[in-house]
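Everything on this sheet refers to the single structure shown next.
Residue numbers (UniProt numbering), protein chains in the order written: chain A, 1 to 445; chain B, 1 to 445; chain C, 1 to 445; chain D, 1 to 445.
Following this line, the structure appears as structure tokens:
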């Protein structure tokens, strides 16, 4: 083994998971962690809680849980804090969201009622369709940042936490492209001083977190740490960051199916995806400007997976359409319908149709949990900046400038698990396996 | 790089691909190879013809075609021979099968008319619903084997080929489980002498091929080289073998979706698969005994992918049902409908439904081509016995006794490509990628 | 108006609905009626409770509720009795079935606990997969009939009912075709005397009901009143009868889609229907002999709707396949997948695929209610024998010998509503409507 | 029988079917009629060519073809003329459209090459995405009308036709709502004089047809004869008219499914329809203003079928969303995906999902043929104005002011067939059928 990383030991003390946005995802996460602690629910969907890794050769019989492979915080040490622009407590939000059954809500109500959000930073230009009633009365970006930094310090104290991570789970903001103010840290500082109108609330949360040395991840498509300005800040402050936009439903499935087509060298003529959802997310996305942000993170995945530059005859002319519709009968459930037009040997056409009846918050909650625990691990490893090995969780993952981000779910998983193996001082796995066959498949050393 | 294999050079002379079974798949393959040679068609679906591998680091910009990475036969050097129990030539079979358009058939008719099958070995106990009219008049298994071995030698002479591979593309035979006669080479030899009724035609083809030193693969669910008897023979005769049952449509997709569920640690409550097909295959499978063989290869995939022993809470109680129906309106097309009942965070249920409108022979033909070229490579590498690295192509892939066979399509692809990298003297890829990040993710050497 | 029927007035007193089979359908019905009475639920799916009929011309503005058009029993006057071969009371059955939410069960538990079944007539040759524990100890068919007749009289007394109807909602019995014993009343009487083994329990219930003058309907595919023997008895005893097999899910939809194809003169090449269900019904149908009975009632619908004898070019060669699979994850829900291969102008093929995620008992319960109320109406009208106007409710409706049964849902509805109009002394509706247009579309009287 | 209409005899001489718009639908129709005449194709989808009607009682055995019931033009007497803003002849359009196979095109090429369109009336404000190259050089609406009227007279002469009908099959025009100019004939005349910009090309075609006494139908969603102005003109000129927008694919199916839900009194919470199509129609509809026109005709159907005013609890709050997407891989095929959220007994939710892989022109062509023949019949019957009995063919059918238009496909069919019965002097059918049952269901005369 020629690659080693700094040794890191089991963490002590509590970890505060700070959530800008106390909505359906956040409350489903908080309620679930509480239920798991009570032994009343399984943390299904969470790699940190349920995943394993095989170590060594297949015949070694060494398979361990990921939480035994690397030193992660225990669920018993995880505590939650949140901000929101609506004043409801976590129990009220959970009831309104309708994700969890009445029975499950009853199990966790006392704990949930204690989760009361701090006032949020709001900008009606960025979040249009929500009636905010719980807003900081700060006048400038600098004031908002100071207030958020104070909140972070207060949260740690109130929650008795030694360490914190921040993961934005707020509403989708209006799409603004890549504002000039985010292209360098210097430009950003100037823009903050000038109270520049192009700066969105999510970016202020990110800035505050980094300044406090708190690892930050972005579960939304909003602009934040995938800008040059914040990446510079992250490295300067020695903070690991990750994002953006959780890859939970239709897009997750897309990053499963597209690699399978490429694995088999099957051509792709078109991919039509439509998505119906009925929760607040859907309502917000009914605003075309908010949808634009989502469309951007959803559309990019095919190209980097399929590599049309390498396979022009197979993937050079793909009609890729993505649409999202607000459809109230769906509630918090989300339904995707994908029509995939492929072609095979000699160009003969075939079709694949996928109908995914999924639940947004149920899929997202365990991803947020994993991100929190892994970011905290990265911080303790003294890693900073982009955590490419966490690409597994995002629709639009970050990579070093000059590197293509990796979208293929299976490559992302290999990357994640091999990174954890290396962190644990184990060999990465190549699935080569010639050596099991001795003289039948001779290897010349 | 600490793993090297014997060097091997670009092959010279023609490679005879010998096909027991001149049906829709075989003729689609032969016609397609001819069209590709004429520049009139693309070998879509074939890794050997269209696939690439990245070598070294992502920033190295070294991506090569697989056929440039390892020395494979050129399509110009591939020639075809076939056996069948019906006397039609390849052009007639193609016309009856209705896979290719009239226009494509016209392009290749002269070449196809020259492909006339040699008489096949037939046993009406194993293949019940076909009116055979082109059968060897051998009286015993030993006579049949001798006749087939003579055919192989004749094919090589007639086709001017230096090397040959055999790939069974015949009809599905009645399922017989694991007859005693196949449990050791000694038992088999005795059973052959005794003209044992449990020995199926496919096994005779396999025996003949191995005795002639011809690499053998089984594209059907029929019993052959995944028995101890034939594996012993393969090693004794220094011949590489692969099988069984091509993984082309619904099962291929199953080995894509199941790993994605496991990647995300989503639970599985049930998986209902139904399949409608209207070609001769469907007609044969309408015989419950033939269906049984297919059901066995189709059913095994979930368990080894999902590892219920490792994840009892997620995959310990899966209702897995597979059904196949003969439905004449489908013709050679094949349609799968899968209903997948999954559960996420805290056990909340979700559904995934997949409707695959595919074409059997279009998906299968390029796989047969790849298998032929890779088996020939293995032979030139002096590899013998089970070729686990070719698991990618099979519904029921073989592995060393004591090893679980690998069903996950993405692990299979990694295994295949990393094997080819090693054959070419390149490093296998681990997708680790920490080293791109320098001091941000420090590695202690 | 040249057609009139006997006048009938609003019924007085209670109507006992007697249900052989206290399973998911029966308990969903009983619980629902209770909830409706409490004002806690809507009787959705019931024509008698929610349906209306337009009377006279469209411009007359006369649309009335069906229950105001003809004199039906009020829900307040409906009482229930049941037989079963398992001793659970209705509350227990409802809990095990899992059709209704916990919350709904709580609302009606006291009423449901009082519904305790009388012991059922059981024959393990006909119902194989159920562990019966609540069986009459009668030794002969004649004894069973006597016991059932006594039960009917007892039920009326216990429930304080003046009138009764019986609707069989029991498990599917083994298919026996058309036993000789059912071909005439004389043959049946002889067979009953001889304790003939071909006589199924459902038939005994029917015989008992008719002898007691109680209108009878068969909600299952089991053999009963669509035999010559029982029809003779029904007319002799002046009792109206209806059946068989409720048309609730996939078949209902089939009788909607098939008429639409014929309306548009679109051709049909094939129809593949598969059905997955996870309740006791599914378990029983896993027995191929029980499935056979269901397959028969499910398969007949296409031919009589499409009239291949009239349209041989469009419907002369239809591949119609029906399959049912027991798939436990579905629970009481039922899911149909239909693939319909149609062809249009010049024979060009098109496909229609229907995925129906339905709930068996939710669809069936209101049909049973309607049948009960309409049968009671028929009895008060002094109608007897086959009630063709109730074809709307059945997969395999009955018609006079010499008449094709009518399967088209819309013709069935027209038949039903026009019959009710006539009963009420109103004109049947023809949808002609020329007369609204005065001189534009002149009518010469 | 108390309703009679004027007697009408078998028509003599040729009928010119004049088609503004020589696109995929028109050429598929013309090619098909030619193939049918040659005995090389079946007019599937056409009621006039393949439909039958039962006359009298079911036991009478009197079922006749519709073309024997009422005197329609024979296909041998139908001739075609067309206008278009692109100069291609019918053979060229057919080739570009890709609806018919090469083989079918070859069969009819000579006849198709002779169909050359006359120059069309074009207004780029109404048809934006088409590069017109074959346009009348008229300067005013009045000039355009005069030119069209001359064309009609020329067509009749050139084609040797005694009678003509006009059916608009042109591109969808920009939606303009209900311009003031169309609210009365006087307003229209004034607007024509003033060359009012709100007047669309389709309306000019309609005006010209009516003035020439030519029956007119509108197969598109464009504004024309469903305006008060043109209806006044139609009655004044004694011309029958019909429209608008052919009901061929997804909407046709909607008017089948919705009535079935109402038949069963199943509630509806939402209906989400998405449609992908890849032909010129799709391209035109990618213009949001054109889509608007389509959306209006597509959206209206549910309300009039479901009658929410009558059933507020079942249909009072339906989320109905319709979307259309241009998706080039579909070509002339059209694919609908409908998700229908229904509820049953006590409000329990169920889902119905419909995936319709259809072909636009294949479905539309026979409808245009039927409309032509029936309009010609109406003209010979001296009927004028709205032909409500032809509602069967339209997404947005017309009815007398004060009458709800009828959308239910089955009521529309009943209306159509009963009208034809009455035209033929036969009794309309009510499906009552009590009289087959003699004394069992006694009728008091």
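Just so it is clear, CB atoms sit at the ideal spot from N, CA and C, and this is done for glycine as well.
| Check | Outcome |
| --- | --- |
| By how many angstroms is the C-alpha of residue 364 of chain C removed from the C-alpha of residue 248 of chain C? | 6 Å |
| Contact between the segment 138–157 of chain A and the segment 114–125 of chain A is defined here as three or more beta-carbon pairs at a separation below 8 Å; is this criterion met? | yes |
| Could you pull the start and end residues of the alpha helix (DSSP H) that residue 400 of chain D belongs to? | Counting along the chain, residue 400 of chain D falls outside any alpha helix (DSSP H), and DSSP gives it neither H nor E. |
| For residue 193 of chain D, count neighbouring Cβ atoms within 10 angstroms of its own Cβ and tell me buried if that reaches 16, exposed if not. | exposed |
| Going by the CB atoms, is the gap between residue 402 of chain C and residue 234 of chain C shorter than 9 Å? | no |
| With the cut-off set at 9 Å, would you say residue 35 of chain B and residue 265 of chain A are in Cβ contact? | no |
| In chain order, what residues of the same chain have a beta carbon less than 6 Å from the beta carbon of residue 14 of chain A, not counting five sequence neighbours either side? | 77, 79, 160 and 161 |
| Span of the alpha helix (DSSP H) holding residue 104 of chain B? | 102–113 |
| Output, in chain order, the set of chain B residues within a Cβ distance shorter than 8 Å of residue 27 of chain C. | Here the premise fails: no neighbours, minimum Cβ distance about 23 Å. |
| If contact means a Cβ-Cβ distance below 8 Å, which residues of the segment 281–302 of chain A contact chain D? | none |
| Assuming residue 70 of chain B contacts residue 357 of chain B under a Cβ cut-off of 8 Å, what Cβ separation, rounded to an integer in Å, is found between them? | No, residue 70 of chain B and residue 357 of chain B are not in contact; Cβ-Cβ is about 34 Å, not under 8 Å. |
| Alpha carbon to alpha carbon, what distance is there between residue 343 of chain B and residue 349 of chain B? | 4 Å |
| Hey, which unbroken runs of the beta strand (DSSP E) at 3 residues or more fall wholly within the segment 399–443 of chain B? | none |
| Anything in chain D within Cβ reach of residue 383 of chain C, meaning under 7 Å, just list it in chain order. | 440 and 441 |
| Excluding the 5 residues preceding and the 5 following residue 208 of chain D in the sequence, name in chain order all residues of the same chain whose CB lies nearer than 6 Å to its CB. | 145, 148 and 149 |
| Taking 9 Å as the CB-CB cut-off, is residue 351 of chain D touching chain C? | yes |
| Is it right to say residue 294 of chain D is buried, meaning 16 or more other beta carbons lie within 10 angstroms of its own, or is it exposed? | buried |
| Here's a check: name, in chain order, each residue in its chain whose Cβ is nearer than 8 Å to the Cβ of residue 307 of chain A, leaving out the five neighbours to either side. | 262 and 315 |
| What are the start and end residues of each continuous beta strand (DSSP E) run of 3 or more residues lying completely inside the segment 26–113 of chain B, in chain order? | 52–55, 62–65 and 78–84 |
| Just the Cα atoms here: how many angstroms apart are residue 376 of chain B and residue 338 of chain D? | 50 Å |
| Does the structure place the segment 325–338 of chain C close enough to the segment 326–340 of chain D that three or more beta carbon pairs sit under 8 Å? | no |
| DSSP on residue 381 of chain D, reduced to helix/strand/coil? | coil |
| In terms of DSSP beta bridges, what is residue 166 of chain C paired with? | C/18 and C/216 |
| How is residue 291 of chain A classed by DSSP in three states: helix, strand or coil? | helix |
| So residue 302 of chain B and residue 284 of chain B are in contact, right, with Cβ under 8 Å, and what is the actual spacing, rounded? | That pair is no contact at about 25 Å. |
| Quick check on residue 59 of chain A: buried or exposed, where buried means 16 or more other Cβ atoms within 10 Å of its Cβ? | exposed |
| Distance check for residue 240 of chain D and residue 378 of chain D, CA to CA, integer angstroms please. | 6 Å |
| Got a sec: which bits of the segment 312–342 of chain A sit with their beta carbon under 9 Å from any beta carbon on chain B, in order along the chain? | 313, 314, 333 and 342 |
| Whose Cβ in chain A lies nearer than 9 Å to the Cβ of residue 272 of chain D? | 274, 276, 325, 327, 329, 330 and 335 |
| Could you please give the first and the last residue of the uninterrupted beta strand (DSSP E) stretch that includes residue 268 of chain C? | 267–277 |
| Could you give the distance in angstroms between the alpha-carbon of residue 446 of chain B and the alpha-carbon of residue 289 of chain A? | The requested residue 446 of chain B does not occur in the structure, where chain B is confined to residues 1 to 445. |
| May I ask you to report which of helix, strand or coil DSSP gives residue 387 of chain D? | coil |
| Would you kindly check if the distance between the Cβ of residue 382 of chain B and the Cβ of residue 129 of chain B is under 9 Å? | no |
| In terms of residue numbering, what span does the beta strand (DSSP E) encompassing residue 10 of chain C cover? | No beta strand (DSSP E) contains residue 10 of chain C, which DSSP labels as neither H nor E. |
| Going along the segment 345–369 of chain A in order, which residues come within less than 9 Å of chain D, judged by CB to CB distance? | 349, 351, 353, 355 and 357 |
| Is residue 12 of chain B close to chain C, meaning its C-beta is less than 9 Å from at least one C-beta of that chain? | no |
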